[in-house]
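Residue numbers (numbering that gives the first Met the number 0): 0 to 299. So the structure is just underneath, and the comments pick up after that.
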Amino acid sequence: MLKIATFNINGVRSRLPALLEWLDREAPDIACLQELKAPDAAFPIDEIRAAGYGAIWHGQVSWNGVAILAKGMEPIESRRGLPGDTGDTHSRYVEAAAHGVLVGCLYLPNGNPQPGPKFDYKLAWFERLIDYAARLHDSGHPVVLAGDFNVVPTDEDIYNPKSWLKDALLQPESRECYRRLLDQGWLDSLRARHPAERIYTFWDYFRQHWQKNSGLRIDHLLLNPQMAPHLKDAGVDRWVRDRPHASDHAPTWISVDLKVQKQPATQKAAADKPAAKKAAAKKTAAKTPAARPRRAKPAG
DNA sequence: ATGCCTTGAACATCAAGA
């Protein structure tokens, strides 16, 4: 079983004790981090290695910054930065292979205030993500696209949409982009695993929102068709948010079982005969869970 | 409409987060 997590850490240096405590206690095999808020040279690689993790990171002074950690191995970097705009200097995307999975770690722009140039940047970045994600989706590898998407997908993903109506995270344009991304065939794993539950991954620092559980679901792990059938469980490590000086996000995770189920030799031999092959294919199709995400209901 | 709270930059107050 493989545990894959995403965690907007909101400052990797100021939150290093929290990160190490979480890694020690939850031991994710792969951890995507966002909002490092540190330049490359200040990334605490020594402490992370001492905790048993290899890492790649794409830092930036003061803001943004993303990293991928892998337990007991060095992630093999396959990309840093989204294609489509060479003038974009924000560190918001990094990608690596680890433990047999291709992992895209992203920090989508917040987009506030909207309307305005920051919202335009958010939507433009989203379009680049949608374009690139299509390639990932069709890569043939098991892929997870994980991170802080800065989108509340539906009104079921926030404590009270009325308070946030003007916020960039709830705008129809933001939600439309997210839906278009899912419609490529990605599975929203948290929602798939818990179809009818309130799940939050972020609680802002204002108005005692954590204490009141006034949260938003904005950290997502999307799975392509090579990955989705292996999903076993998903959740949020809420205890991390309850610690003193916590990030405003909590780590969000899935577990997947990628082990190939070996067929008994006799069954395998039988499967080579055309008639049996056809029956086996039919059986497989019937057993495969719906990989397509359900369409979000129109808001309102 | 704005602040609330928190970080990182630089050292009093910003910019930015969501």
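Even glycine gets a Cβ: it sits at the ideal position worked out from N, Cα and C. In this text, all values refer to a predicted model and were calculated from it rather than measured experimentally.
DSSP three-state label for TYR92, please. Reduced to three states, the DSSP call for TYR92 is strand.
Would you kindly work out how many angstroms separate the C-alpha atoms of ILE8 and LEU18, rounded to a whole number? Cα to Cα, the separation comes out at about 8 Å.
Span of the alpha helix (DSSP H) around ARG127: Segment 116 to 136, the alpha helix (DSSP H) holding ARG127.
Alpha-carbon spacing of ALA123 relative to TYR131, whole angstroms: In this structure, the straight-line span from the alpha carbon of ALA123 to that of TYR131 is close to 13 Å.
At what residue ranges does the stretch 27 to 52 contain a whole run of the beta strand (DSSP E), taking only runs of 3 or more? With a minimum length of 3 residues, the continuous beta strand (DSSP E) runs that stay inside the stretch 27 to 52 are 29 to 33.
Report the three-state DSSP secondary structure of GLU155 (helix, strand or coil). Note: GLU155 maps to helix in three-state DSSP.
May I ask you to list the residues that DSSP assigns as paired with GLU76? Paired residue(s): ALA95.
Give a yes or no on whether the C-beta atoms belonging to ALA97 and ILE75 are separated by under 8 Å. Contact: yes.
Do ILE217 and LEU168 have their C-beta atoms within less than 8 Å of each other? Their beta carbons are under 8 Å apart, which means ILE217 touches LEU168 by this criterion.
Status (buried if at least 16 other CB within 10 Å, exposed otherwise) for THR361: With the chain running from 0 to 299 in the structure shown, residue 361 is simply not present.
For my contact list, HIS219 and PHE148 are in at a C-beta cut-off of 8 Å; report their separation, rounded to the angstrom. Taking a contact as a CB-CB distance under 8 Å, the pair HIS219 and PHE148 counts as one, their CB atoms being some 5 Å apart.
Buried versus exposed call for ARG91 [16 or more other C-beta atoms within 10 Å across all chains shown]: Note on ARG91: 16 or more other CB atoms within 10 angstroms of its CB, so buried under the neighbour-count rule.
Would the stretch 197 to 217 count as touching the stretch 149 to 165 if we require 3 or more Cβ pairs under 8 Å? Result yes; three or more Cβ-Cβ pairs closer than 8 Å.
Apart from the five residues on each side of it in sequence, which residues of its chain come closer than 6 Å, Cβ to Cβ, to LEU32? Excluding positions up to five away in sequence, the list reads PHE6, ILE8, ALA66.
Endpoints, the alpha helix (DSSP H) within which LEU18 is located: Its alpha helix (DSSP H) spans residues 15 to 25.
Evaluate GLY83 with the Cβ neighbour count: other Cβ atoms within 10 Å of its Cβ, from every protein chain shown; 16 or more gives buried, anything less gives exposed. Sixteen is the threshold: since fewer than 16 other Cβ atoms of the shown chains lie within 10 Å of the Cβ of GLY83, the residue is exposed.
Quick one: what's got a C-beta closer than 7 Å to ARG14's C-beta in the same chain, skipping five residues either side? Setting aside the 5 residues that flank it on each side, ARG14 is surrounded in the same chain by ILE8, SER246, each with a C-beta closer than 7 Å to its C-beta; the list follows chain order.
By Cβ distance below 6 Å, which residues in the same chain neighbour HIS89 in space, the five residues on each side in sequence not counted? So the qualifying residues of the chain are ASN63.
Below 8 Å on the Cβ atoms is my contact criterion, and I expect TRP252 with ALA233 to pass it. Report the Cβ-Cβ distance as a whole number of Å. A Cβ-Cβ distance of about 7 Å is found for the pair TRP252 and ALA233, placing them in contact under the 8 Å criterion.
Per DSSP, the bridge partner or partners of ASP187: According to DSSP, ASP187 bridges with LEU221.
Less than 8 Å between the beta carbons of LEU135 and ALA191, yes or no? Not a contact, by the Cβ cut-off of 8 Å.
Hey, would you say TYR52 sits closer than 8 Å to LEU81, going by beta carbons? Against a cut-off of 8 Å, the Cβ pair of LEU81 and TYR52 comes out as no contact.
Beta-ladder partner(s) of LYS4, from DSSP: With the sequence shown as reference, residue 4 is identified as Ala, and Lys is not the correct amino acid for it. According to DSSP, residue pairing for ALA4 in a beta bridge involves ALA30, TRP252.
Going by beta-carbon coordinates alone, are LYS121 and LEU107 separated by less than 8 Å? Cβ atoms of LYS121 and LEU107: closer than 8 Å.
Assuming contact is defined by CB atoms lying nearer than 8 Å, are MET72 and VAL143 in contact in what I supplied? Not a contact, by the Cβ cut-off of 8 Å.
Length of the line joining the Cα atoms of ASP87 and THR153: Taking the straight line joining both Cα atoms gives about 29 Å.
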